[in-house]
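In the numbering used here, the protein residues as written are 1 to 144. A virtual CB, placed ideally from N, CA and C, is assigned to each residue, including glycine.
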């Protein structure tokens, strides 16, 4: 007589993968995703505005993985404290995107570097997008 699975056991699917893999985030091919350029540009502007204190990062949380969201939240909180300590009010940043460089190191993965000029300095924003559940999601953000 066959044993029924317990809660601790995973029942493999017909293709050999554990059944839990089916319900987790699913990778998506780049062919099934929209052009990443508009997202890269909008995400860059949103990140700069969030760090300046004029945009809530919850507005673009759906395009970030949980890890990227938490890392950005820490950075936004530090920027808020720094402004508060100096007595500086939040102000909308004035910036111009000078260039966007995209590369695709693997199917469903885009790495972008956005060069942004502000009044005081020019910065680079590095973003890694991965196709997850039929949409692009940023898995890593770095403001240099």
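DSSP lists 109 and 137 as the bridge partner or partners of residue 130. DSSP lists 138 as the beta-bridge partner residues of residue 64. One alpha carbon belongs to residue 92, the other to residue 121, and they sit about 15 Å apart. Cβ contact annotation for residue 60 (same chain, cutoff 6 Å, sequence separation greater than five): 46, in chain order. By the beta-carbon neighbour count (other beta carbons within 10 angstroms, threshold 16), residue 131 is buried. Nearest in C-alpha terms to residue 142, of all of 28, 133 and 74, is 74. Here the region 40 to 57 lies against the region 80 to 95, with 3 or more beta-carbon pairs under 8 Å apart.
Residue environment: residue 49 is assigned as buried (16 or more neighbouring CB atoms within 10 Å of its CB, all protein chains considered). In the three-state reduction of the DSSP assignment, residue 89 falls in the coil class. CA-to-CA, the gap between residue 31 and residue 134 works out to about 10 Å.
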